Ligand code: OXD
Ligand code: MN
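In the numbering used here, the protein residues as written are 18 to 618.
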């Protein structure tokens, strides 16, 4: 098999015309239809190795695994270049960049015209969710990047089987992606990581279910099934069809008595979703297994409860900080058949990143420079990633691909907050929980470019991923709560990142977070007590199992402290944040804010 032109393995007229019309604009040298086979993966790998994009890692260290370094100007999602292009600007809302669809398409057509010259156009049919499942959604990506094809093989279900399910239907998301580096004119020779750093555009057309991306080959900018489809487009579909597309991990929690509950959790990018989703609990007898680590699609089941599926098939995890202490199951998942992007390379052909278990005496850093532990820079980029098949996770739950999904008992919100926010609080009801999610804030991480460490409101961890007006999104939450009534999950807000005034971490995090999960489980089954506080229900004394944990009383008090003065300041910030949504802010949320102010004063 080569990447030369292949004939279309479909007679779907809508799909064929999408490919033909796009190809007429993109002008590739050939069109290749991806079949999703392992042989095809090898062909993509060879194309990347031949182009200098990738190299194979030492097969004794990481079998069948690729090592990739991107252009330093293309290392993260670019939120300022991401657009929601709906007909009415008001429908995109204040948190999205907006362009009129026709105008944006004109701009994109200018960039797309001939942009695949000298390259192959790969047609990737993919399914978000198990192929053929009633809850799965199909998409087609046209891309000129073998890196995207290889990553999509891991992150989604790709290939001919998807076309068989699609058959003649026109119900598919149409995605176009180009790195924006045609091999014509002065750019006759390729680069290891071609991109058009100055002209990145990640554009979405929710009304027509289209995604057009240009100029970046990295992560969520380019693997269109993930953020673009499964969150931005899917959130609009979910609104229209009465379900939820959320930036949430899904985990399965089993008690020592063998009782099972499923928990979903929304944290902003790079705040530990992958770690929580596959943690090894320290609490005796409890078990955590993984359903998903980043995205949850939740629909009402016949019994009126919310059922969640993970639409993805792999993990695109943040590498630095991942090690056998913080996340042994991620380390096991990425031992083979994985792609590593922007990590360091050790002399024996393995990967290295910051806080890995063993630090090599030297390596080559992600910018191809010699690196030693005493040099004053990191070996990996802070947003270096591993792409690993979910099926390789030692604690993947048996039901992770169940098309019916799993019933969710609790939803956790959380962010990175060095102060103010206690370890765990619980919403008094769904509306209060929606308020907690809508007023969620976190310190910015390296997953998106710019503003590291700045505090920003990131409602439901969806700020960069909601494909429509966030005021309407909050309303959708409230409406679903009214529909689900007392069958809706309980909502909690957690913070693993609180520090003392001297800057010391107050909570050990990682596996110890199982103590909070246990409490959440027990609240759901009604066996743990909580007490009222102005900001929500807090664990009663002794309700969180701290046995065997060395947390000083003073630290615990600081960790759980609710400082009314600080919270009054928070209410002012929430008021400003809510003001952005104008008359689209649901009255229920302003009422929640007023009630909070009342409880604090
Ligand atoms: C991700 C992100 O890659 O949220 O999951 O940035
Ligand atoms: Mn994410």
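Yeah, the Cβ is synthetic: ideal placement off N, Cα and C, and Gly gets one too. Source: prediction; values computed, not measured.
Around the CB of residue 510, 16 or more other CB atoms lie within 10 Å, so the residue is classed as buried.
Taking 8 Å as the cut-off, the beta carbon of residue 478 is found closer than this to the beta carbon of residue 283.
Between the ligand MN and residue 264, a heavy atom-to-CB distance of less than 7 Å is present. Minimum Cα-Cα distance from residue 132 among the listed residues 302, 535, 213, 178 corresponds to 213.
For residue 598 against residue 111, the beta-carbon gap comes to about 7 Å, under 8 Å, which counts as contact. In terms of side-chain proximity, the C-beta atom of residue 286 is found nearer than 7 Å to a non-hydrogen atom of the ligand OXD.
By the neighbour-count definition (other C-beta atoms within 10 Å, threshold 16), residue 540 is a buried residue. With contact defined as three or more Cβ pairs closer than 8 Å, the region 477-494 and the region 246-263 are in contact. Only exposed fits residue 548, as fewer than 16 other CB atoms lie within 10 angstroms of its CB. Note: residue 76 is not bridge-paired with any residue in the DSSP secondary-structure output.
In this structure, the alpha-carbon of residue 596 lies about 20 Å from that of residue 583. In this structure, residue 210 keeps its C-beta atom at 8 Å or more from the C-beta atom of residue 382. Using a C-beta cut-off of 8 Å, the region 174-188 makes no contact with the region 199-208, since fewer than three inter-stretch Cβ pairs fall below that distance. In its chain, beyond the 5 residues on either side, 347 have a beta carbon closer than 6 Å to the beta carbon of residue 339. Of the heavy atoms belonging to the ligand MN, at least one sits nearer than 7 Å to the Cβ of residue 311. Only buried fits residue 51, as 16 or more other CB atoms lie within 10 angstroms of its CB. Counting only runs of at least 4 residues, the region 43-90 fully encloses the following alpha helix (DSSP H) elements, listed from N- to C-terminal order: 55-67. Per DSSP, residue 159 is one residue of the beta strand (DSSP E) stretching across 154-160. In this structure residue 102 is in contact with residue 121, their Cβ atoms being roughly 5 Å apart against a cut-off of 8 Å. In this model, residue 522 and residue 160 are separated by some 44 Å (Cα to Cα). In this structure, the beta-carbon distance from residue 552 to residue 579 falls below 8 Å.
DSSP places residue 194 inside the beta strand (DSSP E), whose first and last residues are 190-195. By the CB criterion at 8 Å, residue 447 and residue 373 fall outside the cutoff. For residue 229, the enclosing beta strand (DSSP E) begins and ends at 227-231. Contact between the region 69-81 and the region 188-196 is not established, with fewer than three Cβ pairs separated by less than 8 Å. Less than 8 Å separates the beta-carbon of residue 228 from that of residue 241. Taking residue 546 as the centre and dropping the five residues before and after it, the same chain places the C-beta of 557, 560 closer than 7 Å to its C-beta, in chain order.
Contact check for residue 129 against residue 235 fails: the beta carbons are separated by 8 Å or more. In the three-state DSSP reduction, residue 113 falls in the coil class, being neither helix nor strand.
Under the three-state reduction of DSSP output, residue 521 falls in the coil class, being neither helix nor strand. In the DSSP annotation of this structure, the continuous segment of the alpha helix (DSSP H) that includes residue 494 starts and ends at 487-501.
Residue 449 sits in a helix when the DSSP states are folded into three classes. Shortest Cα-Cα distance from residue 304 to any of 86, 293, 257, 189 involves 293. The nearest non-hydrogen atom of the ligand OXD is 7 Å or more from the C-beta of residue 173. Cβ-Cβ separation between residue 48 and residue 140: approximately 6 Å, consistent with a contact (criterion under 8 Å). Annotated three-state conformation of residue 536 is helix, per DSSP.
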